[in-house]
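Undergrad:
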Amino acid sequence: MSKNGKREVIIVTDGDEVARKAVEEVAKKLQCRCISRSAGNPSPLTGEQLVGEIKKTPYDPVLVMFDDNGQEDMGYGEQAMETVISHPDIFVIGAIAVASNTPYVDGARVDFSITNDGKIISQGVNKDGQEEIGIIPRVYGDTVDTLSRYSIPLVIGIGDIGKMEGKDDFRKGAPITKKAIQLILEKSGYIEKRKQGHPKKVGRQQKNFKGSIRS
């Protein structure tokens, strides 16, 4: 929980069964909470329902999945995402913008991306996690357009979670997804707080946290 009492959330713009297994695996390894009920293709819960689920979790950060199931226009996933991002009790510390093959979308500008080989690049990536060269680093997917409408401290682009030609398989620990989440935790100060032994339980004071500013 942030100093102003808001619950801290990491947005993941993928929610199919493969993505769910990968995100759950990463949450265990990185001591995050995962709203497994947020998984679905498309997203099964409304934004208000997700906010309720987030508030039930015992500690932050909370990983929440959103998925439009390939819909070009704003679908259930992005509608729910908007509600969560704009909710007064929620602070989004970062987002994973997941690429897909959905045509005719605006895409989301990213701070950087991670390729399927784990390389950090200043460009976007495609569904397979391969570098996509562009004037502005963007990731194109069915559930990412909403991200560009909000000031999120850190947005990282990656390929299809749990897949990327088998390189992000949850049975391998979903290393690309894990790296992305870990970078958000580092940027937001969670890694340092844990080293200092600061408590993570909701309702107990956590000092010296300052939200990062998007470059």
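Numbers 13 to 227, taken from the working numbering, label the letters of the sequence shown in order.
In this text, a Cβ means the ideal position worked out from N, Cα and C, and glycines have one as well.
According to DSSP, residue 144 sits in a beta bridge with which residue or residues?
TA: Working through the sequence shown from its first residue, we reach residue 144 at position 132. Answer is 136.
Undergrad: Buried or exposed: which applies to residue 183, given that a residue is buried once 16 or more other Cβ atoms fall within 10 Å of its Cβ?
TA: Position 171 of the sequence shown, counted from the first residue, corresponds to residue 183. With fewer than 16 other Cβ atoms within 10 Å, it is exposed.
Undergrad: At 4 residues or longer, what runs of the alpha helix (DSSP H) sit wholly inside the region 69 to 139?
TA: You should have 88 to 98.
Undergrad: Over what stretch of residues does the beta strand (DSSP E) that includes residue 156 continue unbroken?
TA: Here residue 156 corresponds to residue number 144 of the sequence shown, with the count starting at 1. Here residue 156 belongs to no beta strand (DSSP E), and DSSP marks it neither H nor E.
Undergrad: In chain order, what residues of the same chain have a beta carbon less than 7 Å from the beta carbon of residue 217, not counting five sequence neighbours either side?
TA: Here the question's residue 217 lines up with position 205 in the sequence shown. In this prediction, residue 217 has a pLDDT of 33, which is less than 50 and means its spatial position is unreliable; what the coordinates show is noted afterwards. Once the five neighbours on either side are set aside, residue 217 has no close Cβ partner at all.
Undergrad: Span of the alpha helix (DSSP H) holding residue 193?
TA: Residue 193 sits at position 181 when you count from the first residue of the sequence shown. Run containing residue 193: 187 to 200, per the alpha helix (DSSP H) assignment.
Undergrad: Helix, strand or coil for residue 173? Go by DSSP, reduced to three states.
TA: Taking the first residue of the sequence shown as 1, we reach residue 173 at position 161. Three-state DSSP puts residue 173 in coil, outside helix and strand.
Undergrad: One question on the structure: do residue 111 and residue 77 come within less than 8 Å of each other, judged by their Cβ atoms?
TA: Counting from one through the sequence shown, the residue named residue 111 turns up at place 99. Counting from one through the sequence shown, the residue named residue 77 turns up at place 65. No, the pair does not count as a contact, with Cβ atoms beyond the cut-off.
Undergrad: Could you spell out the range, first to last residue, of the alpha helix (DSSP H) harbouring residue 183?
TA: The residue labelled residue 183 in the question sits at position 171 within the sequence shown. It is not in any alpha helix (DSSP H) - residue 183 carries neither H nor E in the DSSP assignment.
Undergrad: Determine the extent of the beta strand (DSSP E) in which residue 19 is found, giving its start and end residues.
TA: Residue numbering aside, residue 19 sits at position 7 when the sequence shown is read from its first letter. Per DSSP, residue 19 belongs to the beta strand (DSSP E) from 19 to 24.
Undergrad: What residue does the alpha helix (DSSP H) around residue 32 start on, and which one ends it?
TA: If you number the sequence shown from 1, residue 32 lands on position 20. Its alpha helix (DSSP H) spans residues 29 to 41.
Undergrad: Mind checking whether residue 160 and residue 121 have CB atoms under 8 Å apart?
TA: As a working note, residue 160 is residue 148 in the sequence shown. As a working note, residue 121 is residue 109 in the sequence shown. In this structure, residue 121 lies closer than 8 Å to residue 160 by Cβ.
Undergrad: Starting from the C-beta of residue 148, find all residues in its chain whose C-beta is less than 8 Å away, skip the five residues before and the five after it, and write them out in chain order.
TA: Along the sequence shown, read from residue 1 onward, the residue named residue 148 stands at position 136. Here the set comprises 121.
Undergrad: What is the DSSP secondary structure of residue 168, reduced to helix, strand or coil?
TA: As a working note, residue 168 is residue 156 in the sequence shown. Residue 168: strand per DSSP, three-state reduction.
Undergrad: Smallest Cα separation from residue 33: which of 22, 23, 21, 46?
TA: Here residue 33 corresponds to residue number 21 of the sequence shown, with the count starting at 1. It is 46 whose Cα lies nearest to the Cα of residue 33.
Undergrad: Just the Cα atoms here: how many angstroms apart are residue 172 and residue 187?
TA: Position 160 of the sequence shown, counting from 1, holds the residue named residue 172. Position 175 of the sequence shown, counting from 1, holds the residue named residue 187. Going by the C-alpha atoms only, they are around 12 Å apart.
Undergrad: Quick check: what's the CA-CA separation for residue 201 versus residue 93?
TA: Within the sequence shown, numbered from 1, the residue matching residue 201 stands at position 189. Within the sequence shown, numbered from 1, the residue matching residue 93 stands at position 81. Each residue's Cα considered, the two are about 24 Å apart.
Undergrad: Out of curiosity, what's the CA-to-CA distance linking residue 154 and residue 90?
TA: Start at 1 with the first residue of the sequence shown, and residue 154 comes out as number 142. Start at 1 with the first residue of the sequence shown, and residue 90 comes out as number 78. Cα-Cα distance, rounded: 9 Å.
Undergrad: May I have the straight-line CA-CA distance separating residue 97 from residue 189, to the nearest angstrom?
TA: Working through the sequence shown from its first residue, we reach residue 97 at position 85. Working through the sequence shown from its first residue, we reach residue 189 at position 177. Cα-Cα distance, rounded: 21 Å.
Undergrad: List the DSSP bridge partners of residue 44.
TA: Position 32 of the sequence shown, counting from 1, holds the residue named residue 44. Note: residue 44 sits in no beta bridge, so no partner.
Undergrad: Assign residue 88 to buried or exposed, taking buried as 16 or more other Cβ atoms, counted over all protein chains shown, within 10 Å of its Cβ.
TA: In the sequence shown, counting from the first residue as 1, residue 88 sits at position 76. Counting Cβ neighbours within 10 Å, residue 88 comes out buried, since at least 16 surround it.
Undergrad: Considering only the alpha carbon of each residue, which of 165, 177, 208, 176 lies closest to residue 239?
TA: Missing from the structure shown is residue 239; the chain here goes from 13 to 227 and no further.
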